[in-house]
Every structure is written in C-alpha cells, then in structure tokens.
Amino acid sequence: MFDIKALRDNFEEVKTKLAKRGKDYNLEKFADLDKRRRELLNESEQMKAKQNAASKQVPILKKAGEDTTALMAEMKELAEAIKALEPQVRAIDEELEAFLMGIPNTPHESVPEGKDETDNVEIRKWGEPTKFDFEPKPHWDLGDDLGILDPATAVKIAGSRFMMLRGAGARIQRALISFMLDRHIAHGYEEIMPPYVANRPSMVGTGQLPDKEEDMYHLSNTDYYLIPTAEVPLTNMHREEIIDGARLPVKYVGYTPSFRKEAGAAGRDTRGLIRVHQFDKVEVFKLSRPENSYDELEKLTADAEDILQKLNLPYRVVNLCAGDLGFANSKTYDLEVWMPSYDRYVEISSCSNYESFQSRRAAIRFKDGADKPAFVHTLNGSALAVNRTTAAIIENYQQPNGTIKIPDVLIPYMGGQTLIS
RNA sequence: GGAGGGUUACCGAAGUGGUCAUAACGGGGCGGUCUUGAAAACCGUUUGAGGGCAACCUCACAAGGGUUCGAAUCCCUUACCCUCCGCCA
835 MFDIKALRDN
845 FEEVKTKLAK
855 RGKDYNLEKF
865 ADLDKRRREL
875 LNESEQMKAK
885 QNAASKQVPI
895 LKKAGEDTTA
905 LMAEMKELAE
915 AIKALEPQVR
925 AIDEELEAFL
935 MGIPNTPHES
945 VPEGKDETDN
955 VEIRKWGEPT
965 KFDFEPKPHW
975 DLGDDLGILD
985 PATAVKIAGS
995 RFMMLRGAGA
1005 RIQRALISFM
1015 LDRHIAHGYE
1025 EIMPPYVANR
1035 PSMVGTGQLP
1045 DKEEDMYHLS
1055 NTDYYLIPTA
1065 EVPLTNMHRE
1075 EIIDGARLPV
1085 KYVGYTPSFR
1095 KEAGAAGRDT
1105 RGLIRVHQFD
1115 KVEVFKLSRP
1125 ENSYDELEKL
1135 TADAEDILQK
1145 LNLPYRVVNL
1155 CAGDLGFANS
1165 KTYDLEVWMP
1175 SYDRYVEISS
1185 CSNYESFQSR
1195 RAAIRFKDGA
1205 DKPAFVHTLN
1215 GSALAVNRTT
1225 AAIIENYQQP
1235 NGTIKIPDVL
1245 IPYMGGQTLI
1255 S
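Just so you know, we're using my numbering here: the first sequence kicks off at 835 and counts up by one.
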C-alpha cells in the first residue's frame, strides 16, 4: 500500500517518480480526498469528545442527587448525530484507501526508464549459451523419450498444464530442492516449511487479494487459498508484529509447491515444465532495515545466482525497467537461464525489493529501544524456480545420444547417479 | 463432527453497565539508590494507531454488528485457542 505520508509531504517528488512507470494514476485527486477526510474526522472527534465528557458527568451528577434527564436527552441527540456522520467517515476512508491501493510502488532511482520488457537492461552475463555439435532437443521431447516427464498421465489425474515427473525426473527435482535449501542455509537463512494454504487476511497482507482472485485456487468449502508462492506464508509470518530491531535482517528460505491458475496465459508455453499450474519453488526472503535494503537485495540476488553458478547453467541478470516492474516492487532483478529450446534466456528467478510497500499493508514493523516503530523493508526472490531449473538442466546437459548428464553438485543428491539414460 | 471453557499490555492476571484502560496485582525488561562487583531490597519507568503549530483530542479489551445518555462488562454473528469425545496419516 502506498505511503500516505509521502504523498502529503513530497507530492511532486512522488509524482515525478511514478511518471517513470508511464501511466497516469490520477494523483491530483489526493489533496482533496485527504482534506475532506481530515475535516470529517475532526468534526466526528469533537462530537465524541463532548460525549465522553458528558458520560463522566452523569454518574457525578447522579451521586449528587441532581436530575440528569435534560443532559441525557441532549446526549441522545448527539449520539444520533455521531451515528449519522459515521457512514460519511467510512465512505471517505474507503475512498482514500481504494485510491492508495491503486497506486503502485515508486521505482528506485536505479531502475531504468522504459515501457515494457524490451527496455529491460542486462546487468551481467555468466557463462555462454550452450553450444551443441548436434541438433539439441527440447526438454519435453527428451523427457518423453527418457520416461521422466509424463504430462499425459498428469492430465488424466488433474488436467492440462499439470506435470508428472517420474523416476530420475522426480529424483532430480527433489535433489535440486535439497541442494538449493542446503546452499541457502549455509548462507544464513532459516529453513521454513510453511502451510501450503493461506487464509484471507494473509492473502490480503501480501496483496494477492482483492485484485488477483482469478489467479488463485480457492478451496470451495473453506475460506483457504492454495498459495501462489511461498512469499505469502513467509511474509505473513510477521504480519502485525513489531520486531526488535536487533533481530534484523531476518532471513528465511522455504521450499513449497506453488499453485497458479495462469488465467491470462492461454496458448503460451504449453509444453513441458515452463508454465504449469503447480510448480516447485525455493524462495528466499528477508526483512531488512530500510537503510540496508538495497545492499540486501544485491546479496539476495547473489545467493540466487550462486545456485545457477554451482549448477554451471549459463544465465544473465536483467534490471527490470519501470514499465515492466511489478506493481508492489521498487526494484527487481530477473535471472534468466539459457534455454536451448527457446533459443534465448528464460526467466528462472525474480529478486525484488518492496521497500515498505508490502510491510505497510501487512503491518510489519521494527523498533529500536524507545524509538517509534517503523516499517521494515521486505525482499524476496526465487532461488530458484525448480521446474524451470530441471528443464534447463535437461536441455543444457543433454548428450548426442539423448541421455542427460547430472551436474556434478547434484550427484551426491542423486545417490551417485551421473547420467539419466 | 459433538459437548464444554477461553481470547484484556512483553508474560500471567483482576475488572460483569459509569465517576483512574496512559489497565489493579504479580512477573519480565529498562533506568536509578545501595555495593569493590553482583545478588537482595527499595525508588522510578515500560502499548500502538490517527488528528492537531500546540495545549490536547479521538480510536483500539479477538473481529464485526446491536442495545444504551454511557459497553471490556448485556445481546447477535464470525474467527482463533484449550479440554474431553468421535474420526484419522
């Protein structure tokens, strides 16, 4: 949720920063809304103060044996006036909140100008696109040939866009999860195994609700949602809490399946592991002091890159331009892995700093000693999207005879297996 | 799923219609006195949000409604927790 104080105190600066996103958010509406709200609030509070004062007088007067009938009649009128004002106060509050909810986070100064993904800026590249001296196959064909991907059976059980991994395919996925978790634990993250469903307040806390209802699976006989990302449970761990400042940064890593309806993705990436309704993801998450959050973003991105490097997968890091930046993000680095079947780099991780946009909504604050509580900055990143990592390994490690070499770091996690054949 | 009990500050807990919810009382934390130092004892202090230049005002007793001049307290709805029973990996 947008910071109301920033709009009040630095309106022009906010306006300039948001202009970078290339859309009009009708900011001029704010001053009037805010003013009307304060006037109404003031009026209502003055009446309540009078009511409170009278309520203290009544028992004193009664004790003194005086008649309170007149005062009570007067207060009844006042109570009715207060009640009459309530719908107005509520309406303006809702209007202001809806307005604030409709404003995206301000892009950080290091975010490049631009209107869509074509304007994203490549920051660095690691490795070179894999060269083959034979015609490489896409992972869905290799997976089918080797019997490690079985989409047809997944369709039978669930439906289209679900995937079933079998044998060495299932095992490499599990190996990747363990490998990723172990690396992040070594980098100081606490491992979390959260619930895979979340309730409505949690979904609101991280911004999935009310706007993205159609992207999520809702369990029809309860009010639970399947999580679309581990970000939901991880962020909500500290919802409505005030954390001791000495505990920051808080660092969590969690493996979870993620469930998405992919409502707007009809016809895209229909084959293989790239875009499915249920996928595995290892997520890294941080709560940071505001002044450190951009350093923490660099470190978090490095932790995600570390996985790709250890797996020896070619990738590049992209700084998302303002027009491509997510609604709640101030800055995002996408990690894109080389995918031979696409003949280009494909997103495998997204590492973002939300600054205080998310913590304001979820009410996650910290406090040093006697200081006033302040909002933490939240950061998260995929490290990595496991299905896409499996796909990248199948494709980049394929051999001329259709077998797949196991990356060295995964061999211990595969019980010594070095080749899928 | 059934039957009871519960939800008040950092923790425990009192308060069952008014005139101390900046919340009794106990514990913890922090500061101080005393002490070579510590313990003990004693004294003080310790929730957050919103509005206002300020004095100060408003809101919050799980959440949301209602009754009342006035609600932590009475009524309704919902959520969560605990105990017992049932079911169950």
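For each residue, glycine too, the CB sits at the ideal point set by N, CA and C.
| Asked | Found |
| --- | --- |
| Looking at C-alpha atoms only, which residue of Ser1054, Arg1034, Leu1053 is the closest neighbour of Asp1045? | Arg1034 |
| Tell me which residues share the same chain as Met1145 and place their Cβ nearer than 6 Å to its Cβ, disregarding the 5 neighbours each side in the sequence. | One detail in the question is off: residue 1145 reads as Leu in this sequence, not Met. Around Leu1145: Pro1241. |
| Cutting at 8 Å between CB atoms, please list the residues of its own chain near Leu905, excluding the five before and the five after it. | Ala888, Gln891, Val892, Leu895 |
| Measuring CA to CA, which of Arg924, Phe968, Ile1019 is closest to Arg870? | Arg924 |
| Could you check what DSSP says for Ser1164 in three-state terms: helix, strand or coil? | coil |
| Could you pull the start and end residues of the alpha helix (DSSP H) that Ser1036 belongs to? | 1034–1039 |
| Have a look at His1111 and Gly1215 and give me their C-alpha separation to the nearest angstrom. | 19 Å |
| Run through DSSP, which three-state label would Ala898 get? | coil |
| Just to confirm my understanding: we take Asp1057, look at its own chain, exclude 5 residues before and 5 after, and list those with CB closer than 8 Å. What are they? | Asn1033, Arg1034 |
| Three or more beta-carbon pairs under 8 Å between the stretch 1085–1095 and the stretch 1014–1028, yes or no? | yes |
| What does Cys1185 pair with, by DSSP beta-bridge criteria? | Tyr1167, Gly1215 |
| In angstroms, rounded to a whole number, what distance separates the CA positions of Tyr1059 and Glu947? | 36 Å |
| Under DSSP, the beta strand (DSSP E) around Lys910 begins and ends at which residues? | Not the beta strand (DSSP E): Lys910 falls in the alpha helix (DSSP H), residues 903–935. |
| The beta strand (DSSP E) spanning Asp1078 covers which residue range? | 1075–1078 |
| If Ser1190 and Phe1161 are in contact, beta carbons under 8 Å, what's the gap, nearest whole angstrom? | Not quite, the Cβ-Cβ distance comes to about 15 Å (not below 8 Å), so this is no contact. |
| Check whether the stretch 962–976 and the stretch 1234–1249 are in contact - that is, three or more C-beta pairs closer than 8 Å. | yes |
| Please state whether DSSP places His1091 in a helix, a strand or coil. | This sequence places Pro at residue 1091; His is not what is there. Pro1091: strand per DSSP, three-state reduction. |
| Pro1067 to Ile991, Cα distance in whole Å? | 27 Å |
| Would DSSP call Asp1049 helix, strand or coil? | helix |
| State the Cα-Cα distance for the pair Gln1042 and Ser1255, rounded to the nearest angstrom. | 42 Å |
| For Thr940, I'd like the list of residues in its chain whose CB is within less than 7 Å of its CB, leaving aside the five on either flank, ordered along the chain. | Val848, Lys851, Leu852, Ser1164 |
| When you compare the CB positions of Phe1013 and Tyr859, do they come within less than 8 Å of one another, or not? | no |
| Quick one: which unbroken alpha helix (DSSP H) runs of 4-plus residues sit fully inside the stretch 954–1031? Chain order, please. | 973–980, 985–991, 1002–1020 |
| Taking C-alpha atoms, which residue in Asn1070, His1211, Met1071, Val1031 lies nearest to Ser1054? | Val1031 |
| Just curious, the alpha helix (DSSP H) that Ser847 is in, first and last residue? | Correcting the residue identity first, residue 847 is Glu in this sequence and not Ser. Residues 845–853. |
| If contact is defined by three or more beta carbon pairs under 8 Å, each pair taking one atom from either stretch, is the stretch 1003–1022 in contact with the stretch 973–983? | yes |
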